[in-house]
Amino acid sequence: MVKRRNNRQDAIRDVVRGQSIRTQKALVDQLQALGFNCTQATVSRDIADMGLRKLQEGIYVLAEDLHLQRMVSEFVTNIDQAGNLIVIHSQPGTAPGVAAAVDAASLPEIKGSVAGNDTVLVVADDMEAAEDFVSLINKLRNSTLMK
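In this text, residue positions in the sequence shown follow UniProt numbering: the first is 1, and each later residue adds one.
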């Protein structure tokens, strides 16, 4: 039972990071499309166990991404991708904090980051992982946490 729950929660983590999920039903539908046989009640318990929160726009975000969301929405000015490398531009003096938030999010496809004054270089596993990361950052960049 624990193994299935952990696998399901890993899938929830991937779905929430990769898509804009607004309702528990939408999350159940996505999980069922991935082969998980679960109910809304099960997903509701997973949401509570994982500490998922909703942004003001109504999109679920992972607890471990909250700090990243705050840093990105406040300080990131632009993001560029070149292959598996991502360059995050931020307000002067904020790059070390943005890099620390990227590292603290423990994204499995991200190998690490290096920060200057207003620029962060992030290394992803491959081009697809870099594209997923850019999508996540753009999603978090344009959102605010519900009070």
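Positions of the beta carbon are idealized from the N, C-alpha and C atoms, including for glycine.
- Between LYS111 and VAL123, the beta carbon gap of about 4 Å places them in contact (Cβ cut-off 8 Å).
- For the pair ALA41 and ALA115, the Cα-to-Cα distance works out to about 42 Å.
- Taking all protein chains in view, the Cβ of ASP46 is crowded by 16 or more other Cβ atoms within 10 Å, so the residue is classified as buried.
- By the beta-carbon neighbour count (other beta carbons within 10 angstroms, threshold 16), MET71 is buried.
- In the three-state scheme derived from DSSP, where H, G and I count as helix and E and B as strand, ASN7 is classed as helix.
- Going by DSSP, ASN138 is part of the alpha helix (DSSP H) stretching over 127 to 141.
- The shortest C-alpha to C-alpha distance from MET127 to any of ASP80, VAL120, PRO96 is the one to ASP80.
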